[in-house]
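K.L.:
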Amino acid sequence: MRLGNAADAADLAQDTFVRLLSSTPGEPLNLTAPRAYLATIANRLTINLYRRRSLEQAYLAALAEVPEGLAPSLEHQALVLEALDEVDRVLAVLPAKARQAFLMAQLEGYTQEEIASRLGISVRSVQRHLARAFEECIVLASLGAQHE
Numbered sequence: 002m003r004l005g006n007a008a009d010a011a012d013l014a015q016d017t018f019v020r021l022l023s024s025t026p027g028e029p030l031n032l033t034a035p036r037a038y039l040a041t042i043a044n045r046l047t048i049n050l051y052r053r054r055s056l057e058q059a060y061l062a063a064l065a066e067v068p069e070g071l072a073p074s075l076e077h078q079a080l081v082l083e084a085l086d087e088v089d090r091v092l093a094v095l096p097a098k099a100r101q102a103f104l105m106a107q108l109e110g111y112t113q114e115e116i117a118s119r120l121g122i123s124v125r126s127v128q129r130h131l132a133r134a135f136e137e138c139i140v141l142a143s144l145g146a147q148h149e
């Protein structure tokens, strides 16, 4: 994947090696395919970067639709973007079905039955996925409250 500028590429390279070194602290890595392992890490970080940019662009596009007098301050906009980025990081660690179920419920307003039908899973599985996603959000909120 191409990133479009050298600064993003340098950041991605650094993040890749940080992730590699923090994956097994204190233990030597025994990789049979180190190049493929690095490429996988870099690929996942690139996907996360694009997802965050997409999220930010969607927020800014929605913000552009707001009449000028009602638009939030630049400080408030920065806080919202930071919060969106944190939520995105939380969702990124969830399994795909849990992330999909959470987004369908919270952003699209689907019922648990509709989510189950669309994802081809049981309602009980949807409930478990939603519970896990909410647990992660609660952890994020509690961490945020500790920093204030």
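Using my numbering, the first residue of the sequence shown is number 2, and each one after it goes up by one.
We put the beta carbon where it would ideally sit given N, CA and C, even for glycine.
Predicted, not measured: the structure shown is a model, and the values here were computed from it.
Whole angstroms is fine: what's the gap from A102's alpha carbon to H130's?
P.N.:
Straight-line Cα distance between these residues: approximately 7 Å.
K.L.:
Beta-carbon within less than 8 Å of L4's beta-carbon, same chain only, minus the 5 sequence neighbours each way: which residues are those?
P.N.:
Same-chain partners within the cutoff: A10, L13, T47 and L50.
K.L.:
On the premise that L82 lies in contact with E57, defined as a C-beta separation below 8 Å, what is that separation, rounded to the nearest angstrom?
P.N.:
Indeed they touch by this definition, with Cβ atoms about 6 Å apart.
K.L.:
Drop a sphere of 10 angstroms on the beta-carbon of V19, count the other beta-carbons inside from all chains shown, and report buried for 16 or more, exposed for fewer.
P.N.:
Flag for V19 reads exposed.
K.L.:
Using 10 angstroms around the beta-carbon of T17, count the other beta-carbons present and answer buried if the total reaches 16, otherwise exposed.
P.N.:
When all chains shown are included, T17 counts as buried.
K.L.:
Consult DSSP for Y38 and reduce its assignment to one of helix, strand or coil.
P.N.:
Of the three classes helix, strand and coil, the one that applies to Y38 here is helix, per DSSP.
K.L.:
Return the chain-ordered list of same chain residues with a C-beta closer than 7 Å to the C-beta of A99, the five sequence neighbours on each side being excluded.
P.N.:
Result list for A99: H130, R133 and A134, in chain order.
K.L.:
For the alpha helix (DSSP H) that A102 lies in, which residues bound it at each end?
P.N.:
Its alpha helix (DSSP H) spans residues A97 to Q107.
K.L.:
With a threshold of 6 Å on Cβ separation, who are the neighbours of V127 within its own chain once the five nearest residues in sequence on each side are excluded?
P.N.:
Cβ within range, chain order: A102, Q113, I116 and A117.
K.L.:
Helix, strand or coil, according to DSSP, for T17 in the structure here?
P.N.:
The answer is helix: DSSP assigns T17 an H, G or I state.
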